[in-house]
Amino acid sequence: MNANILDLHADPNGPFHGPLAHAFACAVHISVNNGAPWNSPDRGCGCCDPREKREGLAESWGINSAADWRQQQEALLAGTSSNPTGSLLLELRRQASWQTGGAPVQPAMWYQAIAGWCQQNGRDNSVFQQLQGIVGMIVNYENRFVADGLLPPGAVVNDIRAWDLGRGANMARWGVHCGYTDPRTAHWYAARAGELARQYYGSWVEFSAAYILGRCLHFDNGEFGSRYTEPLDVHHTMVTHPQSPWLNIPFRV
1 MNANILDLHA DPNGPFHGPL AHAFACAVHI SVNNGAPWNS PDRGCGCCDP
51 REKREGLAES WGINSAADWR QQQEALLAGT SSNPTGSLLL ELRRQASWQT
101 GGAPVQPAMW YQAIAGWCQQ NGRDNSVFQQ LQGIVGMIVN YENRFVADGL
151 LPPGAVVNDI RAWDLGRGAN MARWGVHCGY TDPRTAHWYA ARAGELARQY
201 YGSWVEFSAA YILGRCLHFD NGEFGSRYTE PLDVHHTMVT HPQSPWLNIP
251 FRV
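Residue numbers (the UniProt record's numbering): 1 to 253.
What follows is the structure, encoded as structure tokens:
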């Protein structure tokens, strides 16, 4: 696939190094795709004014107040996935891999782990069949990730918390943009998102693949539409643009 390299903007008054810059670099799938400076300290998009952003958060997130914003912000950083089914399946594959000493897990072994989970938790065959279908979708995404240069050959995605954490870093800026919080509070939440990302992932590429898989499982349903191609363009931009924070900020400081 030919990469579509996007324009990359930076705010001269925003951070370029340190924990807050790292956190905003975790949020680039949203900010760069929206044409906003990747390191803007107070807005994660360049498309709307505060009133329009409040309307957008109300429509897309059900956020209508500062209290709603804080509740959603904390939920994104809570360590529980917005896609519990996808997270469960990846966890079962990790457990199967541990049992084989880290060897790649073939679909048959993954299905066996799912069948065991269904039996232990009283789930019938219809649930097993549904989970099998999602496994097939995950495998298709991972194969496409390799073909599109998002993952190296043989690599898989082990966890999709990145989708919550990347959105959490950006949600912090949206809180300032909407007037729901002050910069100091927002920047604490953003830095916390970056800190959690470093706990779960080892590199920008690993984080990005996890973010994109989480997003696709929620929105794309195996179609490889714009919900996939847009963050893929951001990924290719961030791993090739000479001014990219991914090339200038170590993922693990």
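C-beta atoms are modelled at their ideal positions from N, C-alpha and C, and glycine is treated no differently. In this text, all values refer to a predicted model and were calculated from it rather than measured experimentally.
Check whether the Cβ atoms of D11 and P50 sit closer than 8 angstroms, and answer yes or no. As a first step, residue 11 is located in the sequence shown; it is residue number 11 there, counting from the start. As a first step, residue 50 is located in the sequence shown; it is residue number 50 there, counting from the start. No, they are not a contact pair.
Taking I134 as the reference, give the member of W98, R173, L92 with the closest Cα. Translated into the one-based positions of the sequence shown, residue 134 becomes position 134. Closest option to I134, Cα to Cα, is L92.
Under 7 angstroms: does the beta carbon of N4 sit that close to some heavy atom of the ligand MN? As for the ligand MN, it is missing from this structure, which has no ligand bound.
Looking only at its own chain, which residues have a Cβ that is under 6 angstroms from the Cβ of L57, when we skip the five neighbours before and after it? Position 57 of the sequence shown holds residue 57. So the qualifying residues of the chain are I63.
Can you check the stretch 29–76 for any alpha helix (DSSP H) of at least 4 residues that lies completely inside it and give the ranges in chain order? 50–61, 66–76
Are there 16 or more other CB atoms within 10 angstroms of the CB of N39, so buried, or fewer, so exposed? Position 39 of the sequence shown, counting from 1, holds the residue named residue 39. N39 comes out buried.
Let me confirm a value: N221 is counted as buried when at least 16 other C-beta atoms fall within 10 Å, else exposed. Which label applies? Residue numbering aside, residue 221 sits at position 221 when the sequence shown is read from its first letter. Label assigned to N221: exposed.
Let me confirm a value: L20 is counted as buried when at least 16 other C-beta atoms fall within 10 Å, else exposed. Which label applies? Position 20 of the sequence shown holds residue 20. So L20 counts as buried.
Can you give me the C-alpha to C-alpha distance between S31 and V239, rounded to a whole angstrom? The sequence position of residue 31 within the sequence shown is 31, counting from 1. The sequence position of residue 239 within the sequence shown is 239, counting from 1. So the two alpha carbons sit approximately 16 angstroms from each other.
Closest residue to G175 among G35, C118, E55, A197 (Cα-Cα distance): The residue labelled residue 175 in the question sits at position 175 within the sequence shown. Comparing Cα positions, the closest option is E55.
Taking all protein chains shown into account, do 16 or more other C-beta atoms lie within 10 angstroms of the C-beta of F219, making it buried, or fewer, making it exposed? On the sequence shown, residue 219 is found 219 positions in, with the first residue counted as 1. Classification of F219: exposed, given that the 10 Å Cβ count is below 16.
Look at S244 and T237 and say whether their C-beta atoms are less than 8 angstroms apart. Within the sequence shown, residue 244 is the residue found at index 244, counting from 1. Within the sequence shown, residue 237 is the residue found at index 237, counting from 1. Cβ atoms of S244 and T237: closer than 8 angstroms.
Beta-carbon proximity check, L213 vs L165, cutoff 8 angstroms: Residue 213 sits at position 213 when you count from the first residue of the sequence shown. Residue 165 sits at position 165 when you count from the first residue of the sequence shown. Against a cut-off of 8 angstroms, the Cβ pair of L165 and L213 comes out as no contact.
In whole angstroms, give me the CA-to-CA distance for W69 and N170. Here residue 69 refers to the residue found at position 69 when the sequence shown is read from its first residue. Here residue 170 refers to the residue found at position 170 when the sequence shown is read from its first residue. Rounded to whole angstroms, W69 to N170 spans 12 angstroms at the Cα level.
For L232, name the three-state secondary structure that DSSP assigns. Locating residue 232 in the sequence shown gives position 232, where the first residue counts as 1. L232: helix per DSSP, three-state reduction.
Beta-carbon separation (whole angstroms), A23 vs A190, contact threshold 8 angstroms: The residue labelled residue 23 in the question sits at position 23 within the sequence shown. The residue labelled residue 190 in the question sits at position 190 within the sequence shown. Their Cβ separation, rounded to whole angstroms, is 4 angstroms, which keeps A23 and A190 in contact under 8 angstroms.
Going by the CB atoms, is the gap between D233 and A3 shorter than 8 angstroms? Position 3 of the sequence shown, counted from the first residue, corresponds to residue 3. Position 233 of the sequence shown, counted from the first residue, corresponds to residue 233. Cβ atoms of A3 and D233: closer than 8 angstroms.
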